[in-house]
Each structure stands twice: as structure tokens, then as C-alpha cells.
Amino acid sequence: MVIQELISIIVPIYNIEQYVGECVESLINQTYHNIEILLIDDGSTDLSKQICEEYEKRDYRVKVYTKVNGGVSSARNLGITLAEGQYITFVDGDDWVDIEYIKTLRELINSEDIDASSVTMYYWFSEDKVVKGENGFIGQHKCSKEEVLNQAFNPETPWVGFACGKLYRLEVIRKHNIKYDEEIKLCEDSLFNYNFFNHCKFCNINNNPLYFYRIRQSSATRSSKFDIDAISTKLLSLKKITSIAIQYPNTKFEERVLINRLQTQIYLLCLKKYKKHKIASEEKKDFKECIKISKKYQKRNDKIKILLLIICPKFLFFMIKKRNRLNGQ
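Numbering follows our numbering, with no gaps: position 325 of the sequence shown is 422.
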């Protein structure tokens, strides 16, 4: 039997009044009772804050904190600072979880060398469209940090890049001063996770889908396909992830990060040329550097894209848009 240590659940809240009740209800009804629910109101302008305060009156474990709007990363950082538990987990305010969610995550941390645990999720598009996520394993599996990082950016194991569905040992986060980078608006979970896994011993995972991840058309990740600023911030995240990846040379982690970074740079420069935006000298320099460091991993398609970017960016942009439409993006 696992001792019920205090677990902190960090929930950023911003203008989600139609969803927040379902989220908080799923948390206060957990079968694991020793929890604190930190609702971080990130400057919401609708009724979200009032709904949260009603739950605070009903359940002593619910604590509402208000801050000036600064984005999900700053809200989570505040939650990390305020957390009093031995472990923390992040839940988005428009998502919800199974009643066994916390209990399962805690039971997976069943030895001193395990610093994190993970379950899978359902991607909830609508009542009629719910897709089960996968982590590439059958049953329970104990992963070393090298195994976890080696699955990075693999479309078959997307669990690595999500903060949702995980439980983290708070001692590791504070010892190594791991925080969300508030400059980053895309891939912020990935950067946080790679920083964390770079310092942890093992992560215990299973493939139980206990987290319900709501897919909204208005979310940042689904509205950024042709947004120069969004692609730029993703690129900034990938550059920071590269500094971790190069510590694991000749692995899939390094390969996938560098190729993803190269392809994102191609996409950004192509889009800028297509929209007749000026390309900064620093961007050109960074592109050349990435071509150089990713050379051993470049595939034929990458070399063709680089060539097309130079001689015919409009055609390359057309092909990228066509591919995205075919992939339903």
C-alpha cells in the first residue's frame, strides 16, 4: 500500500468558464484524497475566477490564486513555487481526468529511483470523436532517462512532449531549478520535460488512458501552422532543446531534435520569403549553423527542401500547405 503523501495539482485558468467546472469536479472526486488543487487564475476576464472561488469555499483542498495574465508557463511556474506536495502534476483547466488518475500515477512511483510517472490520454475532439493516445509500450514499463529522451519527437510516442498525464518529484525540480521558459509559447511542455528527464533517474509509465485532453480549434498549437511568430517561438524552443540533445550524441533524441529544428527553420524562412518579410542576418546565420550540425542526420527530402528554399520558395510553401491539408493539419 502506497503512503498517501501530499500531491499538488497545478491548474492554469484563463477564460474557460464553460469547462472549468468539469475539470475541478474530476479533481475533487479523486480516489487519492491527499491532494491540494492550485487553481492559478491567469487574469481571466470571464466567470472562470468566480467559479473557482465557489469550489474553494466547498473544498478545503482547493486554493485559488490570481495573477496578471502572463500565459500558461508563468501560471505553472507560480504553481511550482506555491506547491507544498512531494509530487506535482499539471492539468489544463479545459481538460479533465479519471477518478483513478492521481492514485495510479502515485502507485507507479514505487521505488526511490523513480522520479516521475506517466499514463496515456484520450484526445477528445467531440462526443463523436475520441482518439486513444499511445506511448509505445504494452502494460507497465520502467524507462531510464536515456530511453525517455530517445523517444523524443517520435510521432509514435508523443507522450514525452506532454506535461499532462505525468507526476513529477518536486525535489528534482527544485534541486535543479527547472522552470517553464516564459519566452516560449509553443513546445513549452517539451522543453520543461527534457530539462526534467535530463536530471531524473527513471520514469515508470503505463498505457492506461486516464487523462482527457480536449482539442479545441482555437488552441495555440492548432492555429499556428502559418503564423510566423508561432513558428519563431517553436524554433527558439528547439534551439534550447538542442543544448540538451547534444549531450546524447548519436541517439534518436539528437537526430530528431536537429532534424525537427532544421525543418522548422526551412518552414519559417520559406513562409517569410513567400510573404515577402525580411530575413534577419541572425536567422540566416542560425540556418547555416543548423545545416552544419545536422548534416549527418539529413535525409534526401531535407536536402531537396533546402534546395527548393533557395531556388523556389513559393513552390516549397505550396507543397508544405498541401501536405498539411492531406494530414488534416
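In this text, a Cβ means the ideal position worked out from N, Cα and C, and glycines have one as well.
- Taking every protein chain shown into account, the CB of E352 has 16 or more other CB atoms within 10 angstroms, so this residue is buried.
- In terms of Cα proximity to C240, the closest of E122, D210, K229 and E253 is D210.
- With respect to the C-alpha of E153, the residue from V165, I134 and L144 having the closest C-alpha is I134.
- Straight through space, the alpha carbons of Y308 and Y198 are spaced by roughly 7 Å.
- The segment 335-350 makes no contact with the segment 220-239, as fewer than three CB pairs between them are under 8 Å.
- For the alpha helix (DSSP H) assignment, the uninterrupted runs of no fewer than 4 residues enclosed by the segment 331-375 are, from N- to C-terminal side, 349-371.
- By the neighbour-count criterion, in which a residue is buried when 16 or more other Cβ atoms sit within 10 angstroms of its Cβ, I417 is buried.
- Taking every protein chain shown into account, the CB of V228 has fewer than 16 other CB atoms within 10 angstroms, so this residue is exposed.
- Beta-bridge annotation (DSSP): Y219 is paired with K229 and F309.
- For E133, the enclosing beta strand (DSSP E) begins and ends at I132 to D139.
- Here E243 is exposed. Its C-beta has fewer than 16 other C-beta atoms within 10 Å.
- When DSSP states are grouped into helix, strand and coil, I110 belongs to the strand group.
- Distance from I302 to S214 at the Cβ level is roughly 7 Å; contact confirmed, criterion being Cβ atoms closer than 8 Å.
- Bounds of the alpha helix (DSSP H) holding C149 are S145 to R155.
- Around L413, the same chain offers C367, K402, L405 and L406 as residues with beta carbons nearer than 7 Å, after the five sequence neighbours per side are excluded.
- Using a 10 angstroms sphere on the CB of G262, the tally of other CB atoms reaches 16 or more, which defines it as buried.
- Under the three-state reduction of DSSP, V165 is assigned to coil, being neither helix nor strand.
- V216 and I148 have their C-alpha atoms spaced approximately 28 Å apart.
- Cα atoms of Y277 and Q101: separation of roughly 27 Å, rounded to the nearest angstrom.
- Under the three-state reduction of DSSP output, I211 falls in the strand class.
- With a cutoff of 8 Å on beta-carbon distance, E181 and L103 are scored as near each other.
- Around the Cβ of R271, a 10 Å sphere holds fewer than 16 other Cβ atoms; the residue is exposed.
- Each residue's CA atom was taken as its position, placing D143 and K389 some 49 Å apart.
- By the C-beta density criterion, G190 is buried, having at least 16 other C-beta atoms within 10 angstroms.
- Closest option to D324, judged by alpha-carbon separation, among G167, K369 and S340: K369.
- Leaving aside the five residues that flank D286 on each side, the residues in its chain whose CB is nearer than 7 Å to its CB run, in chain order, G258, F259 and A260.
- Assignment of F414 by DSSP, reduced to helix, strand and coil, places it in the helix class.
- Rounded to whole angstroms, the separation of the alpha carbons of Y371 and K411 is 6 Å.
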